[in-house]
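A short write-up of the structure that comes next.
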Amino acid sequence: MPSNSLLHFITKIIKFEGFRATNYHFITENELLIQLENKSSRATCPHCHKITDKVHQSHPYRVRDIPLSTWDVFLLVDRRQFKCKKCHKVFSEELSFVKKRRTYTKRLAEKVVKEVLETDVKNTGERNRMTSAEIETILKELEQDLLTEKPKDLKKLGIDEITHLKGGKNYAAVLVDLDKRKPIAPLEKR
Ligand SMILES: [Zn+2]
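For reference, each letter of the sequence shown is one residue, going 3 to 192 in the working numbering.
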């Protein structure tokens, strides 16, 4: 494990709840990989809520994060699967910084949505060193999440027209939190 000022700096910018940066390396001249590890050796079973420390196996899980200067940043965590001592079910540990089955961090998705609303898909891609297709994937998956995961929250959402949202495929409306009047996500025209 390198103990130097760059790792110290990386530790400062990686502030995900429950995780710490343990190592980094440059995969290519413009790709930085940061290794993370969960600070806790235990996890709570989502089925019976019993705390367990019995690791079943682990798999590397890689996600994209907000770019740093001219580097694309990827986070790598050896994601553990636990086996519950009480109900014997196997479950994967929660990653506080990424939504289930996503390949990018929550904070990257938030940044992308904000920038698409302020500018457009092409510009947002350039700022985040991503292709327009990658930006659209984030928008599409966020839309799915909003429509399927949290039906209770939908009553808070309204749809405002966007007339000049350029780039991308016909994003004609935006989900808005009506309480805060804050845009949440663009919606694709149907
Ligand atoms: Zn259990």
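Idealized CB from N, CA, C, for every residue including glycine.
I need the straight-line Cα distance from residue i to residue j, nearest angstrom please.
| i | j | result |
| --- | --- | --- |
| threonine 13 | threonine 72 | 19 Å |
| leucine 9 | lysine 124 | 32 Å |
| threonine 121 | lysine 102 | 28 Å |
| valine 79 | arginine 64 | 7 Å |
| lysine 85 | histidine 61 | 14 Å |
| serine 134 | threonine 126 | 8 Å |
| isoleucine 137 | glutamine 146 | 15 Å |
| threonine 46 | phenylalanine 93 | 9 Å |
| glutamate 112 | valine 100 | 11 Å |
| serine 7 | lysine 91 | 42 Å |
| valine 57 | glutamine 83 | 6 Å |
| phenylalanine 76 | isoleucine 16 | 11 Å |
| proline 128 | histidine 27 | The sequence given here places glutamate at residue 128; proline does not occur at that position. Approximately 24 Å between the Cα atoms of the pair. |
| cysteine 50 | leucine 144 | 29 Å |
Contact check, residue i vs residue j under 8 Å by CB: the rounded distance?
| i | j | result |
| --- | --- | --- |
| arginine 131 | proline 69 | 5 Å |
| arginine 81 | glutamate 95 | 6 Å |
| threonine 107 | aspartate 55 | Contact flag wrong, Cβ pair sits at about 26 Å. |
| lysine 254 | lysine 52 | Missing from the structure shown is residue 254; the chain here goes from 3 to 192 and no further. |
| serine 98 | phenylalanine 18 | 5 Å |
According to the neighbour-count rule (16 or more other Cβ atoms, all chains shown, within 10 Å of its Cβ), is residue i buried or exposed?
| i | result |
| --- | --- |
| glutamine 37 | buried |
| isoleucine 29 | exposed |
Looking at the unbroken alpha helix (DSSP H) that takes in residue i, where does it start and where does it end?
| i | result |
| --- | --- |
| isoleucine 12 | 7-15 |
| asparagine 125 | 123-129 |
| lysine 85 | Looking at the DSSP string, lysine 85 is not in any alpha helix (DSSP H); the run it does join, the beta strand (DSSP E), is 73-85. |
| arginine 109 | 108-120 |
Starting from residue i, follow the beta strand (DSSP E) in both directions and report where the run begins and ends.
| i | result |
| --- | --- |
| glutamate 39 | 33-40 |
| threonine 24 | 21-30 |
| leucine 70 | 57-70 |
| serine 193 | Given that the chain is displayed from residue 3 to residue 192, the structure contains no residue 193 and the question cannot be resolved. |
Q.
Count Cβ pairs between the stretch 14-33 and the stretch 112-128 that sit closer than 8 Å; are there 3 or more?
A. Result no; under three Cβ-Cβ pairs closer than 8 Å.
Q: For the stretch 37-44 and the stretch 12-26, state whether three or more C-beta atom pairs, one from each stretch, are separated by less than 8 Å.
A: yes
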